[in-house]
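> Below are the structure tokens for one structure; questions will follow.
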Amino acid sequence: MALRDKIKKLTTFCELAEGREKGLLEDVMDRELVWNNYENASLGKDIVPVVTFAEYPDRFFFGGLAFRDIIKELNDRDLEELRSKGIRIILHKQEVKSDKRKTYTRIEVCE
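So this is what it looks like as structure tokens:
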């Protein structure tokens, strides 16, 4: 492997993000999306989910806790099905009942 390629690989935190612009989940809330890929990315000591949506092929999104909890339950077969078919979802911003100043992302799976 050439030195340039080796350094590029070492400085890329996630292959799924490569060549894509970072999007914000808050910009795609409350609309139907087709979730079509994910990868767990290493950012320092943290592992964070990176997701993509069919409607935004040039962007990647940090999935946060909402996606992390789902992704940890998926296996390789699930990932292949997600990549081939996608799954229709809607993201919603919800208030935390005990503290109205805090919010979280809820994922609604469409029929």
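Residue numbering for the sequence shown follows our numbering, beginning at 9 and increasing consecutively. Using N, Cα and C, we set each Cβ at its ideal position, and we do this for glycine too.
(1) In three-state terms, what does DSSP make of Phe75?
(2) Mind pulling the beta strand (DSSP E) runs of 3 or more residues that sit fully within the segment 42 to 95?
(3) What separation, rounded to the nearest whole angstrom, lies between the Cα atoms of His100 and Lys80?
(4) Express the C-alpha separation of Ala62 and Trp43 in angstroms, rounding to a whole number.
(5) From what residue to what residue does the beta strand (DSSP E) around Lys105 run?
(6) Alpha carbon to alpha carbon, how far is Ser50 from Val58?
(7) How would you call Leu1, buried or exposed, if buried means at least 16 neighbouring beta carbons within 10 angstroms?
(8) Given a cut-off of 9 Å on the beta-carbon distance, is the pair Phe69 and Val104 in contact?
(9) Looking at Arg67 and Arg109, is the spacing between their C-beta atoms short of 9 Å?
(10) Spatial neighbours of Ala25 within its chain, please: C-beta separation below 6 Å, excluding the five flanking residues on both sides.
(11) Is the beta carbon of Tyr46 less than 9 Å from the beta carbon of Leu11?
Based on what the coordinates show:
(1) helix
(2) Runs of beta strand (DSSP E) with 3 or more residues, each lying fully within the segment 42 to 95, are found at 54 to 61, 67 to 70, listed in chain order.
(3) 21 Å
(4) 6 Å
(5) Counting along the chain, Lys105 falls outside any beta strand (DSSP E), and DSSP gives it neither H nor E.
(6) 10 Å
(7) With the chain running from 9 to 119 in the structure shown, residue 1 is simply not present.
(8) Not a contact, by the Cβ cut-off of 9 Å.
(9) no
(10) Val58, Phe68
(11) Taking 9 Å as the Cβ cut-off, Tyr46 and Leu11 do not qualify as a contacting pair.
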